[in-house]
Amino acid sequence: MVTQRYAPLSGTNTNTNSNTNTGTGTDSAVQIPLIGLGTWPMTGVECTEAVTRALEAGYRHVDTAENYRNEDAVGRAVVGSGTSRDEVFVTSKFNREWHGPVDTVRAGLEAGLERAGLEYFDLYLVHWPNPHLDRYVQACESLAALTEAGLIRSWGVSNFKPAHLQRVLEAGLVPSVNQIHCQPTDAQWDVQEANTAAGVLTAAYTPIGRGSELLDRPEITSIAARLGRTPAQVVLRWHVQQGRIAIPKSADPQRQRENLEVFSFELTPEEMAALGGLDAGVPSETRQDADEFGH
Ligand SMILES: NC(=O)c1ccc[n+]([C@@H]2O[C@H](COP(=O)([O-])OP(=O)(O)OC[C@H]3O[C@@H](n4cnc5c(N)ncnc54)[C@H](OP(=O)(O)O)[C@@H]3O)[C@@H](O)[C@H]2O)c1
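Numbering (my numbering), first residue to last: 2 to 296.
See below:
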């Protein structure tokens, strides 16, 4: 079984337990495993089996969302795994109908926990800013209050551009994570820099480009050949070596293990630079514009 590596999250509550929490925040950081299992677009039995196999292989971080319609399947795997709940980091995200005051976000959270059959989420994210609604700052205020009250361990955002993040910061709030589309050919360096400057950890989704032609790029396959690793491992190593979280999805037990085994080798500074240099500076086909798209 592969041993995970972790990063500390800021602005968290380590006391989360919906039955016993006193509502007092603590200064101790929640630890997030650097590699998590992505679960979209799996649902039902396929999803439960994939998460079960991943937990057996050593994954300790699973990414789900209301919009994926698989919180139930993920929760079944977590509960049925035999792994202690406090050893598994579960991220979920909520849709725009819950953007609003604390009671509204809390209702969304409670519905998600009910579906998942879990007592808490370790990280709960605003899935998309939906700027036309202009309620994402309020949603963040609500998340901070729910974290302080111990109903979630940490809160964050997803698909927030620097301008969206700036408004959250101006409200005196710092999300622990911004989960964004990020891969070597579309690294969104401007978003990453804004995250880092604000003390927000970047989590990369679609981290291996959905297993597409990215993994056939000679700049990547040549490094993989030198290291005796796969192209996906090289790309995932690039993410974690830069301190990013990455959440590759795989339904296949062998590829799941492959994607987790990125902690026993290193890329040289030249190789890191070569991967970073693949950024085309334009959105890839799989990236949606957060000013236009959302749910
Ligand atoms: N916050 C957001 O708005 C947002 C948006 C999109 C996704 N996400 C999250 O991010 C997760 C990952 O993103 P993603 O699913 O878009 O893309 P991804 O993880 O980059 O790629 C997944 C695809 O790559 C294949 N694959 C996995 N490991 C491989 C390997 N080692 N070699 C070759 N192919 C491999 C998978 O197929 P097999 O399953 O057959 O292995 C699957 O088709 C999602 O599952 C979801 O949890 C979040």
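Where a beta carbon is used, it is the ideal one built from N, C-alpha and C, also for glycine.
Who pairs with residue i in a beta bridge, going by DSSP?
i	result
residue 128	In the DSSP output, where bridge partners are listed per residue, residue 128 has none listed.
residue 94	126
residue 202	178
residue 247	36 and 205
residue 62	90
residue 187	184
residue 31	10
Between which two residues does the alpha helix (DSSP H) holding residue i run?
i	result
residue 257	254 to 261
residue 215	Segment: none, residue 215 is in no alpha helix (DSSP H) and carries neither H nor E.
residue 110	103 to 117
residue 140	137 to 149
residue 156	Counting along the chain, residue 156 falls outside any alpha helix (DSSP H), though it belongs to the beta strand (DSSP E) covering 156 to 159.
residue 80	72 to 81
residue 168	163 to 171
residue 99	Segment: none, residue 99 is in no alpha helix (DSSP H) and carries neither H nor E.
residue 242	232 to 242
residue 295	Counting along the chain, residue 295 falls outside any alpha helix (DSSP H), and DSSP gives it neither H nor E.
residue 271	270 to 277
Leaving out five residues on either side along the sequence, give the residues of the same chain with a beta carbon under 6 Å from the beta carbon of residue i.
i	result
residue 123	90, 91 and 154
residue 209	233, 236 and 249
residue 193	203
residue 276	185 and 239
residue 205	183, 240, 245 and 247
residue 278	none
residue 280	188
residue 219	none
residue 264	6
residue 272	224
residue 168	138
For residue i, which residues of its own chain have a beta-carbon under 7 Å away from its beta-carbon, when the five flanking residues on both sides are left out?
i	result
residue 70	44
residue 47	252
residue 19	Bear in mind that the predicted position of residue 19 carries a pLDDT of just 41, short of 50, making it unreliable; the figure below should be weighed with that in mind. Same-chain partners within the cutoff: 120, 121 and 152.
residue 195	163 and 166
residue 145	156 and 174
residue 64	37, 38, 39, 40, 92 and 248
residue 231	225 and 259
residue 80	118
residue 78	49, 52, 53 and 56
Which residues bound the beta strand (DSSP E) around residue i?
i	result
residue 8	7 to 10
Please check the pair residue i and residue j, which I expect to be a contact at CB under 8 Å, by giving their CB distance rounded to whole angstroms.
i	j	result
residue 67	residue 93	7 Å
residue 38	residue 6	In fact, because the Cβ distance is near 15 Å, the residues do not count as touching under 8 Å.
residue 76	residue 95	Not confirmed; about 15 Å, so no contact.
residue 156	residue 291	Wrong, their Cβ atoms sit about 18 Å apart, outside the cutoff.
residue 102	residue 143	6 Å
residue 82	residue 56	4 Å
residue 87	residue 117	Contact doesn't hold; Cβ gap of about 16 Å is too wide.
residue 211	residue 148	That pair is no contact at about 32 Å.
residue 97	residue 295	6 Å
Could you name the residues of the same chain whose beta carbon sits closer than 8 Å to that of residue i, not counting the 5 residues immediately before and after it, in chain order?
i	result
residue 30	9, 10, 11, 13 and 15
residue 100	106, 127, 131, 134, 136, 137, 139 and 140
residue 191	163
residue 170	199
residue 267	238 and 242
residue 257	38, 51, 54, 55, 58, 60 and 251
residue 4	59 and 264
residue 293	none
residue 262	3 and 234
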